[in-house]
């Protein structure tokens, strides 16, 4: 939204105090996760990619999902890889180890106990992800190629989220560090 | 592809014998997962949603990703929920318990040992998913609403995949069973 200059009323959900499990929020998204976008007709969208797609359709410029069919497919491909190999890996590590999430190892209304081995596997996968990102950024300015896109936003969020498990881009991933420096300096990153 | 009548040369990758880890396939998709789509310019797409998006752009009819911005966003939303809560849950259960996948608990080039607790959690999440699907299909003909879409294909694959962990739609999810009967009888389901 910040990249596109979209101004939108926001309502903060108090995750620390479990507001996402309230009946009021369950009526918005029964999966109890944020964010959700209220449309003009009063219906709600959840799932980040669905929200990004809708916002891009309403506010095409600047394009964050690509300008041609092939470019959009490549961005969706890289965004999917980043979600599975980056964001999910950090989430596995974080949710299965954080003291405050003892029986909250997954998002959603059902309680599951933490699995320490899954936290460990998550950390190893985050390490792999950092190097994968570095490899891709060796010959590309941005994660999906020449254009800044939602794949960069997802990857930046994954790197930032990794701070919660005390992991950061290692010194030797010079391409990923160059990229992170660039994307995290954009004005939108502070929004 | 079958729904759209797209004819495309296919090359079978011998997963049982590890052909996805060969140098030849790694050059196509370094993540060692199928499917991948070769484009006319010789480049490759991986990640199912990216491939579906590209095929829909080249062959718009019948629309499997929606006909309006809002409908497409809703289909992306439901497809995301099905992937995370259905397909991933079955995959967690299957990959972390199958005898033939002892050190192959995740897809990809790195070997990780199975985590039995994760298999158990996966099975519980599949049960939740079947009931979630049923709730959504109580007032909707298809998973994302009135239109057959990739969300139905993903959900049907999740139900079919669950047979690998000996789970199936329980007797009491009558709406999901009515839906499964309909979608699995489409000619494309046999393709």
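Chains as they are written, first to last, in the numbering used here: chain G, 67 to 257; chain Y, 67 to 257.
Cβ atoms here follow ideal geometry from the backbone N, Cα and C, with glycine treated the same way.
Helix, strand or coil at residue i [DSSP, three-state]
i	result
residue 109 of chain Y	coil
residue 85 of chain Y	helix
residue 167 of chain G	helix
residue 119 of chain Y	helix
Alpha-carbon to alpha-carbon, residue j and residue i
i	j	result
residue 164 of chain Y	residue 233 of chain Y	14 Å
residue 231 of chain Y	residue 180 of chain Y	15 Å
residue 156 of chain G	residue 225 of chain Y	28 Å
residue 195 of chain Y	residue 148 of chain G	24 Å
residue 94 of chain G	residue 117 of chain G	14 Å
residue 142 of chain Y	residue 131 of chain Y	8 Å
residue 41 of chain Y	residue 243 of chain Y	Since the first residue shown for chain Y is 67 and the last is 257, residue 41 of chain Y is missing from the structure and cannot be characterised.
residue 126 of chain Y	residue 210 of chain Y	18 Å
residue 145 of chain G	residue 77 of chain Y	26 Å
residue 79 of chain G	residue 99 of chain G	10 Å
residue 186 of chain Y	residue 92 of chain Y	32 Å
residue 89 of chain G	residue 174 of chain G	13 Å
residue 177 of chain G	residue 81 of chain G	15 Å
residue 167 of chain Y	residue 160 of chain Y	9 Å
residue 246 of chain Y	residue 67 of chain Y	20 Å
residue 256 of chain Y	residue 107 of chain G	39 Å
residue 220 of chain Y	residue 207 of chain G	33 Å
residue 237 of chain Y	residue 205 of chain G	53 Å
Pick from the options that is closest to residue i, judged by C-alpha positions
i	options	result
residue 188 of chain G	Y:196, Y:189, Y:172	Y:172
residue 140 of chain Y	G:194, G:114, G:207	G:114
residue 154 of chain G	G:134, G:191, G:142, G:176	G:191
residue 96 of chain Y	Y:106, Y:127, Y:110	Y:110
residue 240 of chain G	G:211, G:257, G:215, G:202	G:202
residue 75 of chain Y	Y:89, Y:102, Y:128	Y:102
residue 133 of chain Y	Y:252, Y:213, Y:146	Y:213
residue 152 of chain G	G:68, G:227, G:161	G:227
residue 105 of chain G	G:199, G:250, G:123	G:123
residue 87 of chain Y	Y:170, Y:200, Y:215	Y:170
residue 72 of chain G	G:128, G:82, G:112	G:128
residue 138 of chain G	Y:120, Y:255, Y:193	Y:120
residue 218 of chain G	G:193, G:183, G:136, G:249	G:249
residue 150 of chain Y	Y:85, Y:199, Y:135, Y:246	Y:199
residue 251 of chain G	G:222, G:237, G:83	G:222
residue 136 of chain Y	G:216, G:205, G:183, G:112	G:112
residue 184 of chain Y	G:193, G:229, G:162	G:162
Contact set between residue i and chain B, taken where Cβ atoms lie within less than 9 Å
i	result
residue 176 of chain G	Note that chain B does not occur in the displayed structure, where the protein chains are G and Y.
The alpha helix (DSSP H) enclosing residue i, as first and last residue numbers
i	result
residue 186 of chain Y	182-204
residue 208 of chain G	Unbroken run through residue 208 of chain G: none, as it is neither H nor E.
residue 241 of chain G	240-250
residue 221 of chain Y	216-228
residue 157 of chain Y	154-161
Opening and closing residue of the beta strand (DSSP E) in which residue i lies
i	result
residue 149 of chain G	From DSSP, residue 149 of chain G is part of no beta strand (DSSP E); its letter is neither H nor E.
residue 102 of chain G	102-104
Chain Y residues whose Cβ lies nearer than 9 Å to that of residue i
i	result
residue 147 of chain G	97, 112, 113
residue 67 of chain G	The contacting residues do not exist; residue 67 of chain G stays about 15 Å from chain Y at best.
residue 170 of chain G	By Cβ distance, chain Y contributes nothing, its closest Cβ being about 13 Å from residue 170 of chain G, past 9 Å.
Cross-chain neighbours of residue i in chain G, by beta carbon under 9 Å
i	result
residue 105 of chain Y	136, 139
Check: residue i C-beta below 7 Å from any heavy atom of the ligand MG
i	result
residue 96 of chain Y	The ligand MG is absent from the structure shown, which contains no ligands of any kind.
Residue i: contacting residues in chain Y (beta-carbon distance under 7 Å)
i	result
residue 184 of chain G	181, 184
residue 143 of chain G	111, 112, 113, 116
residue 123 of chain G	135
residue 213 of chain G	None at all; the shortest Cβ gap to chain Y is about 15 Å.
residue 161 of chain G	Simply none; closest approach about 12 Å.
Partner residues on chain G for residue i, Cβ-Cβ distance less than 7 Å
i	result
residue 119 of chain Y	138, 139, 142
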